[in-house]
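Below is one structure; the comments refer to it alone.
This is the structure we're talking about:
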């Protein structure tokens, strides 16, 4: 919940010029608040950046005050949507069942879901990381088309805390995630206090395909450095 429409336009003016030398193979998605999506869609027209939303409802329409549908998102040029983010699970009562419904709705409308999974500190300390994530995937991926999917491993204890999961450990967990999938080519990202100072090490890991960036994406120069990571 950051940035007004005016803020978003100003952000893009500073961000886009810093991508002139970014390798074309690197996909960049900005997942903005709903109120900024129209303004950003217009500003990004013809650019290399794709637009994403932060959530969607599983129904196409109806009396679901405060929610947004897949059709509403695709109409304005949205291509991606985050489902199952830990903050949605933690603060707004998301369950694996509702995450699955939202993920299916995204695909039904031609959106690519960025499905988030991850463990709490309590679960990690209890050595339950693998069991928790395997169970999440089992429930979240029911009937999901794995050819149109991105997965993000975001250890909840590392989000916004400055406490990044060690890159080698993140790579190990992402390897576990990949083994649970029917399609091993699904892009799998790491998310959790990703910043300019650790992006090169994170992206050097063999199992990690990308990064889901939170606070460090709010400053254009910071996010540009992440997009321009050195491999």
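In the UniProt record's numbering, the protein residues as written are 1 to 231. Backbone N, C-alpha and C define an ideal beta-carbon position, used for all residues, glycine too. All of these numbers come straight from a predicted model, not from anything done at the bench.
Note that the C-beta distance between residue 214 and residue 159 is below 8 angstroms. In the structure shown, residue 190 adopts extended strand secondary structure according to DSSP, grouped into three states. When C-alpha distances from residue 202 are compared across 106, 85 and 226, the shortest belongs to 226. Taking C-alpha positions only, residue 209 is separated from residue 145 by approximately 19 angstroms. Straight through space, the alpha carbons of residue 155 and residue 119 are spaced by roughly 5 angstroms.
In this structure residue 13 is exposed. Its beta-carbon is surrounded by fewer than 16 other beta-carbon atoms within 10 angstroms. With fewer than 16 other Cβ atoms from the protein chains shown falling within 10 Å of its own Cβ, residue 66 counts as exposed. About 12 angstroms separates the beta carbon of residue 151 from that of residue 99, a gap too long to meet the 8 angstroms contact definition. Look at residue 210 here: in three-state DSSP terms it is strand.
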